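What follows is one structure encoded as structure tokens, with my remarks underneath.
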């Protein structure tokens with residue numbers, strides 16, 4: 013099945029590039045309200061499901077024991093830009109559990125934020141694992157394991173108790189099967205499991221409503237989603253799409269990106285979950301598509317509609333600042 017073109021990039025009067033993809037919008041029962049393309053073939057959601065992976069942090073009692081608030085919980089669900097606030101907070105989370113950067117097993121990389129990257133290079137200091145965009149999630153894993161009396165070494169491996177809990181929670185929330193043939197390794201070294209878009213979307217609807225989850229899971233899910241919406245900077249960072257989109261409708265939109273063109277979202281007031289994948293794996297296509305899809309579901313009478321559509325159809329410039337093209341959405345998103 014060939015997925016439809018969702019997003020076009022124009023330059024002058026011509027379409028220069030296109031982004032094909034698929035999406036599903038579901039309620040907690042699994043009813044598909046909106047969809048396009050192949051939503052049944054499993055895809056790797058990557059970092060788009062970090063809120064599900066963070067459930068253990070709350071259910072274990074670690075978040076309460078270590079006094080974590082909205083910022084820490086948002087960081088546990090984040091793919092942050094490793095700005096100073098992000099790296100510092102990840103370090104503080106570990107410190108509260110008596111741990112340090114050396115306990116992380118996510119690897120190190122330079123900041124995604126241009127200004128921070130330049131400052132890192134000027135300082136002459138190599139980035140640490142705290143600068144990994146997944147350090148908040150890994151800090152959450154380690155804090156939950158430490159509080160639960162689970163050994164820390166090798167916590168990123170598939171057979172470790174932490175990752176078994178992650179796989180179990182993914183099965184409960186999405187209904188997918190976390191089996192070997194659908195398992196890969198994510199950029200931060202943990203297992204990642206492929207799940208159909210419809211099941212991912214239903215899972216995030218369940219995160220919104222609590223339907224089909226245990227009481228403890230439902231409470232943890234609501235707490236995490238609310239924390240992310242309250243502290244969108246700690247979910248992503250300066251000028252990042254996740255942060256911008258949540259700021260357009262404070263407390264009403266949850267969004268989370270994943271590598272290779274994946275996005276998940278929740279509209280809590282409607283009890284709906286979203287899952288989207290761009291075939292070519294580019295983030296720019298996914299960002300435009302999820303903004304347009306949120307606008308579509310909210311409707312043109314919603315206060316956030318105009319800003320969401322402006323984000324989805326914005327112009328882009330050359331290095332001289334001249335407007336040279338624009339993003340456009342196709343009929344599949346209208």
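Numbering (the numbering used here), first residue to last: 13 to 346.
Note that the Cβ used here is the ideal one computed from N, Cα and C, for glycine as well.
Keep in mind it's a predicted model, so treat the numbers as computed, not measured.
* **C-alpha distance - residue 30 paired with residue 62, whole-angstrom precision** => 28 Å
* Asked: What first and last residue would you give for the beta strand (DSSP E) that runs through residue 202?
  -> No beta strand (DSSP E) holds residue 202; DSSP gives it neither H nor E.
* Asked: Looking at the unbroken alpha helix (DSSP H) that takes in residue 378, where does it start and where does it end?
  -> For the chain, the structure presents residues 13 to 346; residue 378 sits outside this window and is missing.
* Helix, strand or coil: how does DSSP classify residue 296 here? -> Residue 296: helix per DSSP, three-state reduction.
* Hey, residue 93 and residue 249: beta-carbon distance below 7 Å or not? -> In contact: residue 93 and residue 249 (Cβ atoms closer than 7 Å).
* Asked: What's the call for residue 5, buried or exposed, on a 16-neighbour Cβ count within 10 Å?
  -> Residue 5 lies beyond the range of the chain shown here (13 to 346); nothing can be said about it.
* Mapping DSSP to helix, strand and coil, what is residue 194? -> helix
* To do: Mind checking which residues open and close the beta strand (DSSP E) that includes residue 31?
  => 26-38
* To do: State the start and end residues of the unbroken alpha helix (DSSP H) segment that holds residue 227.
  => 227-242
* Asked: What does a CB cutoff of less than 8 Å around residue 175 pick up in its chain, not counting 5 residues either side in sequence?
  -> 167, 168, 169, 202 and 203
* To do: Name, in chain order, the residues that DSSP records as bridge partners for residue 268.
  => 276
* Excluding sequence positions up to five away, which residues of its chain have a Cβ less than 8 Å from the Cβ of residue 139? -> 94, 120, 121, 122, 123 and 132
* Contact the region 246-265 vs the region 309-322: 3+ CB pairs below 8 Å -> yes
* To do: Measuring alpha carbon to alpha carbon, tell me which of 25, 28, 32 and 234 ends up nearest residue 274.
  => 32
* Under the three-state DSSP convention, the category residue 18 falls into -> Under the three-state reduction of DSSP, residue 18 is assigned to strand.
* 7 Å Cβ cutoff met for residue 206 and residue 155 -> For the pair residue 206 and residue 155, the CB atoms are not nearer than the 7 Å cut-off.
* To do: Report yes if the C-beta distance between residue 118 and residue 38 is below 7 Å; otherwise report no.
  => no
* Asked: Cα separation between residue 184 and residue 340?
  -> 37 Å
* CB contact below 7 Å: residue 102 versus chain B -> In the structure shown, chain B does not exist; there is a single protein chain.
* Counted within 10 angstroms of its Cβ, other Cβ atoms place residue 59 as buried (16 or more) or exposed -> buried
* **Which residues DSSP lists as bridging residue 285, in chain order** => 38 and 278
* Asked: In whole angstroms, what is the alpha-carbon distance linking residue 55 and residue 189?
  -> 13 Å
* Asked: Do three or more CB pairs link the region 63-71 to the region 321-339 at distances below 8 Å?
  -> No, the region 63-71 does not touch the region 321-339.
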